[in-house]
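Rendered as structure tokens:
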């Protein structure tokens, strides 16, 4: 049994569904300090340390960021704040007509138990578009394209097949099943 | 006697000089978690709580941000990260030819002792320029203008007379001398 630490019910439901029949999952909303750091690894590790100190049960927490090469990794760990302030319009303006439009989403999952903390990552490479496209999804989906289509232009299943979070969960699951539930 | 908690020696020296002959100051470099929050007040309070829990002496910590009205307050508490990634060029690009160019720097100082935590603020209002101007200062100084001159175009004394940090320190000093050292 592992505990998913998040304030986001949708995220908890997604994790529970992913592990259904394989790993038992419970959900706790624990408010630690969300640290400022340059990588989502560091943020996930810090949140896991805080949650484990308080809860003392095996648990996972995650953190996600969009990293744009031409902007030195911006908005990175501050993707939520940037989306809430300058938004997609601001990011497109920053990009201007930059030739390099490479970017990636990364999710880091930190797992904490009595043996310490381990980190698992999943990424998806794509490109920043020049205009917003598509009406699905949320956040950066309309400006992040993979194989010519933005995440906001994809049917839900196609988008899910590209999920950085699902990729990180899969890496964690494989390790956990091999190592912890023998 | 109060302890200044900072990893920045220049900042510690500035505070010590400001209080010389009035309040005794020592300096500690304590690394807590720098929290993500929407205001510099919240960040300063969190850092003060962490430092006080560890050090158990009367102390001050501060946090500073540049808040741009036309960008919903961006870069705000993440001013350092934004300066290190998209920089002044990025901020000017985001502003484009926005008519409203109002912005302010705010420093929040949190003081912690056995009675709890109090917060003191200092701000300076200005405008974001359309191009970088001046060779003095650092960070956002070349794009933040007050009374027609950027901070990077001012002699050091003139810039210091506009310091949000000094303003916050003065508010704290007046309160401290009235309340704590009767």
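Chains as they are written, first to last, in the numbering used here: chain S, 27 to 208; chain L, 27 to 208. Glycine included, every Cβ here is placed at the ideal spot set by N, Cα and C. Note that the coordinates shown come from a computational prediction; the quantities given were computed from them, not determined experimentally.
Asked, Found
"Rounded C-alpha distance that separates residue 23 of chain L from residue 50 of chain S", "No answer is possible for residue 23 of chain L: it lies beyond the span of chain L, which begins at 27 and ends at 208."
"Residue 132 of chain S at chain L interface by Cβ criterion, 7 Å", "no"
"Near-chain L residues of the segment 104–124 of chain S - C-beta to any C-beta below 8 Å", "104, 107, 108, 110, 111, 112, 116, 119, 120 and 122"
"CB contact flag (residue 97 of chain L, residue 150 of chain L, <7 Å)", "no"
"Which residues DSSP lists as bridging residue 136 of chain L, in chain order", "L:87 and L:145"
"Minimum Cβ-Cβ distance from residue 62 of chain S to chain C less than 7 Å", "Given the protein chain composition of this structure (S and L), no chain C is represented."
"Classification of residue 89 of chain S by the beta-carbon crowding that lies within 10 angstroms, buried from 16 upward", "buried"
"The segment 123–135 of chain L / the segment 128–135 of chain S touching (three or more Cβ pairs under 8 Å)", "no"
"Cβ pair residue 16 of chain L, residue 66 of chain L closer than 7 Å", "What the structure shows of chain L is the stretch from 27 to 208, and residue 16 of chain L is not part of that stretch, so it cannot be assessed."
"Any C-beta of chain S under 7 Å from that of residue 98 of chain L", "yes"
"Residue-chain proximity (residue 59 of chain S, chain L), Cβ-Cβ < 7 Å", "yes"
"Segment contact, 8 Å Cβ cut-off, at least three pairs: the segment 47–64 of chain S with the segment 116–128 of chain S", "no"
"Nearest residue (CA-CA) to residue 205 of chain S, options S:167, S:194 and S:141", "S:141"
"Residue 72 of chain S burial status per 10 Å Cβ neighbour count (16 or more: buried)", "buried"
"Per-residue contacts from residue 72 of chain L into chain S (C-beta, under 7 Å)", "59"
"Residue environment, residue 138 of chain S, which counts as buried when at least 16 other CB atoms sit within 10 Å", "buried"
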